[in-house]
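Peer 1:
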DNA sequence: TTGAAAGCGCTACCAA
DNA sequence: TTGGTAGCGCTTTCAA
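Protein chains in written order, with my numbering: chain A, 691 to 1015; chain B, 691 to 1015.
1) Measuring only between beta-carbons, confirm whether residue 781 of chain B sits less than 8 angstroms from chain A.
2) Do residue 1006 of chain A and residue 972 of chain A come within 8 angstroms of each other at the CB atom, strictly closer than that value?
3) Once the 5 residues before and after residue 734 of chain A are set aside, which same chain residues still bring their CB inside 8 angstroms of it?
4) From the DSSP secondary-structure annotation, give me the bridge partner or partners of residue 956 of chain B.
5) Which runs of the alpha helix (DSSP H) spanning at least 4 residues fall entirely within the region 902 to 969 of chain B, listed in chain order?
6) Tell me which residue opens and which closes the alpha helix (DSSP H) that residue 851 of chain A is part of.
7) Can you list, in chain order, the residues of its chain with a C-beta nearer than 8 angstroms to that of residue 680 of chain B? Leave out the 5 residues immediately preceding and following it.
8) Are the Cβ atoms of residue 810 of chain A and residue 753 of chain A separated by less than 8 angstroms?
9) Identify, in the order they occur along the chain, each residue of the same chain with its Cβ nearer than 7 angstroms to the Cβ of residue 894 of chain B, setting aside the five sequence neighbours on each side.
10) Bridge partners of residue 895 of chain A, per DSSP?
11) Return no unless some Cβ of chain B is closer than 8 angstroms to the Cβ of residue 787 of chain A.
12) Decide if the region 765 to 774 of chain B is in contact with the region 792 to 808 of chain B; the criterion is three or more beta carbon pairs, one per stretch, under 8 angstroms apart.
13) Given residue 985 of chain A, which residues of its chain have a CB within under 6 angstroms of its CB, disregarding the five upstream and five downstream residues?
14) Is DSSP giving residue 797 of chain A helix, strand or coil here?
15) I believe residue 756 of chain B touches residue 799 of chain B by the beta-carbon criterion, under 8 angstroms. Please report the beta-carbon distance rounded to the nearest angstrom.
16) Give me the Cα-Cα distance between residue 710 of chain A and residue 695 of chain A, rounded to the nearest whole angstrom.
17) Give the residues of chain A in contact with residue 770 of chain B, contact being defined as C-beta atoms less than 7 angstroms apart.
18) State the Cα-Cα distance for the pair residue 923 of chain B and residue 873 of chain A, rounded to the nearest angstrom.
19) Exposed or buried, which one is residue 952 of chain A when buried takes at least 16 other CB atoms within 10 Å?
20) Please report the residue range of the alpha helix (DSSP H) in which residue 697 of chain B lies.
21) Would you mind stating whether residue 930 of chain B and residue 909 of chain B have Cβ atoms separated by less than 8 angstroms?
22) Among B:724, B:851 and B:770, whose alpha-carbon lies nearest the alpha-carbon of residue 891 of chain B?
23) Pick out whichever of B:987, B:917 and B:817 has its Cα sitting closest to the Cα of residue 868 of chain B.
24) Using a Cβ-Cβ distance under 8 angstroms, would residue 744 of chain A count as near chain B?
25) What in chain B is Cβ-close to residue 959 of chain A, meaning under 7 angstroms?
26) Reducing DSSP to helix, strand and coil, say where residue 984 of chain A ends up.
27) Using a threshold of 8 angstroms, state whether the C-beta atoms of residue 712 of chain B and residue 723 of chain B are closer than that.
28) Can you tell me which of the three DSSP states residue 786 of chain B falls into?
29) Name the DSSP bridge partner or partners of residue 844 of chain A?
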C-alpha cells in the first residue's frame, strides 16, 4: 500500500490534521512544525490520495474532454492544447471519443460528468436542448460550438470567410462553389451563413453543393459535381473534404490551381503536406483547447470571466489557389 | 448533491448493505428484495460513486494511456482503439501526451499511475531501465515497444519488411535506400534489424541514410541525399517521413514512381489520400490499442494470459512504387 | 497553533 | 438472506 497521511503524522510526531494543514494551508501552522512535516512527507514520497480528498472536497482535480472523432486531424491538436493547459493547472484529463454518434454522446457525457469537476466539449454533435440540460448539471465549456448561456470558445468565422473570398476575388474568381458539410453541424451552418453574407457583399455568384460527410470520402464523392458546376473555384467545408476534391481532381487529370482553385477550412497539418499544398482558413486548435480549459477553470473557481471567446482566424495562402482561367 | 446509497436504502426500506449486494452481487439477495432495490435505484438515477468505491476496493475503474505525440497521425487510431475497448469494459481513460519528451514522460507516468488501475504505454520513449522500474509499481502494458518481462503488443515487423522488400525486388529494384528514424527509438532499431536481415537474404544492396526526426520535415530534409544516393527505391522509417520525401521530390520535379519508388511504414490515414498514394506496410493501430487494453485487464484480473502479442502486418500496395527504371 | 473526532460514499466483514 | 458497523484516506469542524 502507498504511504498515507497517517504514516506521515506518526513519523513527524503530529496529528493527521496538522499534516493536512502543513500541506494545504501552510500559513496556519507554526514554521518549525510545518517544515518538519513537509520534510517527512517528501522523504516518504507522500502524495495525498486524490479520490479520498475528492470525497470530502467535492473536487476531483479531473476534467473531461469529449471529441467526436480523434481520427479527424482537426481534433488531436485541440486535445493537445487541453492536455497541456490542464497539466499546468495540475488537472488530469479524461478523454472520450464518440465516433460521431450524437446518441452515444449524451450517454458518454453523463458518464464522464460524474467523475470530473467539469467538461470541455469539442464540437459536440448532440441536440442543443440536450446540451443545455447537461450544462445545468455540470460545469462545461463548448469548443467550436455556440449556444446561448453556455461558455464557449470559437473562431471568427465571418472574418475568415471574408479573407478567403477576398483572396479568390482578387484572383479573378466570380463564380464559386461551396461544398457543404453535415446539415446538422453547427460549424457548417456558421460557414454557410458567413459565406452568403460575404459573397453577396462581393457580388460573387455562389453555387452550393449538397451535404457531404466531413471526411476525405465526402470530397471525393462530390468532386465530379463540382466540375460539372462550371465554377473556377471551390471552397470546401473543411480540409479533409478539400483533400478529397484534390484527390479526385488529380485522378481525372484536372489541374489545380490551373483549371480550378481549391480552398479549405481548418488548416490541419496535412494541408501543408500535400501537392499542391492547400490554401485554407486556419482555425486555432491548440489555442482553442487551452482557452477552453482556462474558461472552465474560471468557471469552477467562480471567477466569472468572459463567458464567450472568439479567436482570430488566418487565411493560409498556398499552392491550391491561383488566377481564374 | 447526487443521490447516494443511503437514499436508495431508505426508499427501498432496506439497509445500505443490501443495496450494495443487490447491485454488485445480485445472486445473494432474495429476488423480490433485489428487484425492489434495483427499481428504486434506477428510478432515483443512482450510480455508485466511483471514488468512494475505489477507496475500499482499491480499484478505480480507470486506466491511463500515454502517447508521445497525438499530432502524429499514427497515434489517434490507437487511442480510439483503447477508448473503445475500455468503454466496453466500463473503464474510463486518462490520456497524457508527452510531446516526445522522454524526461517529462517518467513524471507523467508516475502521476497517472496513482489514479488508475493500470497503464497502457504507447511507444514510450523513456529508458528501458526506468520503464522496468515503473512496471514494478503499477500494472502496465507496452504497445509498440518490447522489453523482457513486461507485457506488450507489437507487430510482426520482420514479416512486414519481408513483404515490402519482396515487392520492391519483384519490381526490379536492387539498390534501395532506408531513411532511418531516431536512433533511440525501439521501432527504428527493429526496422533496421529486419531490413538488414531480409536485404541480405534477397541480395539487395542497402544504403542507410542518417537518422531523421520521425516527421514530415525529416523526410523533406533528407530527400536530396536520397536522390544523390543513386537508388531506384527508398523505404522510409514511417509514412510521415515518406510524405516528406514525396513532397520534396515533387518540388524538384522527380517523378514518383517513374524516377524513384517510395515505400512507407504504418499506413496512417494520410497515406491513401496523397497523390500518388503511398505504398506502405500497415501496422494495426486500433486493433493494437484494443489488444493493449485486453492484456491489461487480464493482468488486473490475474488471468495471466499471453504476456506478449504480435499482430500481423500487411503491405498496402499503392501508387508510389513501380518498376525500377 | 494543535489535536480529536466526525464523516464524505461506499464495501466487506461478522452476526443474526 | 439481511443488518450493523468498521474503516478506506482524507479534510474540516470544534475544542483545547
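Even glycine gets a Cβ: it sits at the ideal position worked out from N, Cα and C.
Peer 2: Let me spell this out:
1) no
2) yes
3) 693, 697, 698 and 701
4) B:972
5) 906 to 918 and 929 to 941
6) 847 to 860
7) The structure shown does not extend to residue 680 of chain B, since chain B is modelled only from 691 through 1015, so no value can be given for it.
8) yes
9) 855, 859, 864 and 866
10) A:865
11) yes
12) no
13) 831 and 841
14) helix
15) 6 angstroms
16) 8 angstroms
17) 760, 761 and 787
18) 45 angstroms
19) buried
20) 695 to 702
21) yes
22) B:851
23) B:917
24) yes
25) 761
26) helix
27) yes
28) strand
29) A:1000
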